[in-house]
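These notes concern the structure reproduced below.
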Amino acid sequence: MNFQTTTTHVVIKFNEKTKNGKESIDILPISWTYYKKGKLFSRYPYEDEYHKLDDMCKLSVEPKTFWKSYEATLIKEAKSYEQGLRRMNRACSETIVHSSNLDERNSSEEEMNPLK
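So the sequence shown is numbered by my numbering: it starts at 43 and just counts up by one.
Structure follows, in structure tokens:
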């Protein structure tokens, strides 16, 4: 599957639920995602970098090769971080999910593993 040429960020839903049984949705740079055998995956930083997560996403920082990968489902594509936030807001209002970017502006600093 190919993304639109103007896409810089994607809103994804992680296929694994959190340890509390909630679904998790996030906005990520397109460079953090890849397809393998027809399935979408996303690289995601480890806990020690969560305090930088919002800035890393805004600036489309390249993912590190040692980050863990998670299977995900594409919700929406966006041509900017700001558009992605709006689309994530809309997606969250249509369903009950957990998102680090919607709970608090810098809530990533306090999060544990997004899928635990």
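Think of the CB as a built atom: it goes at the ideal place given N, C-alpha and C, for glycine as much as any other residue.
Indicate the three-state DSSP secondary structure (helix, strand or coil) for K64 in the structure shown.
-> In the sequence shown, counting from the first residue as 1, residue 64 sits at position 22. Coil, per DSSP.
Cβ contact check for the region 125 to 136 and the region 105 to 114: 3 or more pairs under 8 Å = Not touching, per the Cβ criterion.
Nearest candidate by alpha-carbon position, reference S112, set Q46, G63, K61 and L82 = The residue you call residue 112 lines up with position 70 of the sequence shown. Correcting the residue identity first, residue 112 is Tyr in this sequence and not Ser. Of the candidates Q46, G63, K61 and L82, L82 places its Cα closest to the Cα of Y112.
Would you kindly work out how many angstroms separate the C-alpha atoms of R129 and K118, rounded to a whole number?
-> Here residue 129 refers to the residue found at position 87 when the sequence shown is read from its first residue. Here residue 118 refers to the residue found at position 76 when the sequence shown is read from its first residue. Taking the straight line joining both Cα atoms gives about 7 Å.
Please state whether DSSP places L101 in a helix, a strand or coil.
-> Locating residue 101 in the sequence shown gives position 59, where the first residue counts as 1. Residue state, collapsed to three classes: coil.
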